[in-house]
Amino acid sequence: MNRKTGHLKPLTRAPRFLPEWVKRRIEVNVYELYDYIGKAGALTPSDAFVLDAGAGEGRFKPEFAHTNYIGVDLAVGDVDWNYRDLDAICNLFSLPFENNKFDVALCLQTLEHVTEPFIVIKELTRVLKPGGRLYLSAPQSWHQHQKPHDYYRYTSFGLKFLFEKANLIVEEIKPMGGYFWFLSFQLQNINYWLFPRGMKGRRWTWPLRAINGLIFQLILPLFLFYLDPLDKTKDETFGYICTAIKPYRSP
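In terms of our numbering, the sequence shown has 199 at position 199, counting the first letter as 1, and numbering is strictly consecutive.
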């Protein structure tokens, strides 16, 4: 937790000794998502009921600690995750809650892991109160993860279609950066191929690791951060952060 702001500090891969402003520029996808959720938490009143659908280990729970927070997940993702703090283990296709219960629903980096995304959006709409808000993030360009439970990638148009089909009002669909931010992320992943796990302790790799860390993990990502405004369309992006609202009257 950040003592100055009260917000949850992002879990980053960047070395701890780097200043916060540097981390923000080399792991922009992480900070974009955490900033988005931090603002959502600040806007949510203390008497609100909040559903975190696909909560995993509950990493965003601290942002909503002042609310009536409920975290649910099917608990079939990463085998080394700890799901013991979930309030319920359930399928998002059939949420065990009555209609119009929640003021806020979260669905963060989860929609790619469900086989029927519209059913999930429809269920979240069902349990939201009229006027309730759905905060959702989903990837457009990302490697396969939590295999084999990884099924889809989403464009802004696909997300808009799902929201509107569920009769939600789309307030925002915002790309998480553009081509240069995405390129930065890809370059930072190069160490996984250059230095597989079995090579971790070998001394002869240390000079190469130092060069890789300086160039691909720091200098180039910083340079690419400042180039991203050149991408006006942001069509090549990590993914999207979205806000949708359940209307007071169904159309």
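Where is the CB? At the ideal position from N, CA and C, for every residue including glycine.
Remember, predicted model here, so these are calculated numbers, not experimental data.
According to DSSP, is T205 helix, strand or coil?
helix
Straight-line Cα distance separating F49 from N68
5 angstroms
In this structure, how does DSSP classify L183 when only helix, strand and coil are distinguished?
helix
Beta strand (DSSP E) segments (min. 3 residues) lying fully within the stretch 17–52
none
Straight-line CA distance for A88 to L106?
15 angstroms
What did DSSP end up calling N189 once you bin it into helix, strand or coil?
coil
N191 vs N212 beta-carbon contact at 9 angstroms
yes
Please classify N82: does DSSP put it in a helix, a strand, or coil?
coil
Assuming K61 contacts G77 under a Cβ cut-off of 8 angstroms, what Cβ separation, rounded to an integer in Å, is found between them?
Actually they are not in contact, since the Cβ atoms of K61 and G77 sit about 16 angstroms apart, beyond 8 angstroms.
Keeping to the same chain, check which residues put their C-beta closer than 6 angstroms to that of F216; ignore five residues upstream and five downstream.
L187, I190
Would you please state the rounded distance, in angstroms, between the beta carbons of H113 and Q146? I believe it to be under 8 angstroms.
6 angstroms
According to DSSP, is A210 part of a helix, a strand, or is it coil?
helix
Tell me which residue opens and which closes the alpha helix (DSSP H) that R126 is part of.
117–127
If you follow the alpha helix (DSSP H) that L162 is part of, which residue opens it and which one closes it?
156–165
Just to confirm my understanding: we take D85, look at its own chain, exclude 5 residues before and 5 after, and list those with CB closer than 6 angstroms. What are they?
G58
Please state whether the Cβ-Cβ distance between G239 and P139 is less than 9 angstroms.
yes
Count the other CB atoms, across all protein chains shown, that sit within 10 Å of the CB of D103; report buried if there are 16 or more and exposed otherwise.
buried
Own chain, CB closer than 8 angstroms to S151, minus 5 neighbours either side, in chain order
Correcting the residue identity first, residue 151 is Tyr in this sequence and not Ser. Result list for Y151: E112, H113, V114, T115, in chain order.
Contacting residues, own chain, Cβ-Cβ under 6 angstroms from A166 (five flanking each side not counted)
I121, K122, T125
Please report the straight-line C-alpha distance between N99 and V127, rounded to a whole angstrom.
4 angstroms
Just tell me which of P45, G131, D35, L162 has its CA closest to the CA of K246.
G131
Assign Y226 to one of three DSSP states: helix, strand, or coil.
helix
Since W181 and L224 should fall inside the 8 angstroms C-beta cutoff, what is the C-beta to C-beta distance between them, to a whole number of angstroms?
7 angstroms
Go ahead and pull the three-state DSSP assignment for P62.
helix
According to the Cβ coordinates, are Y34 and G56 closer than 9 angstroms?
no
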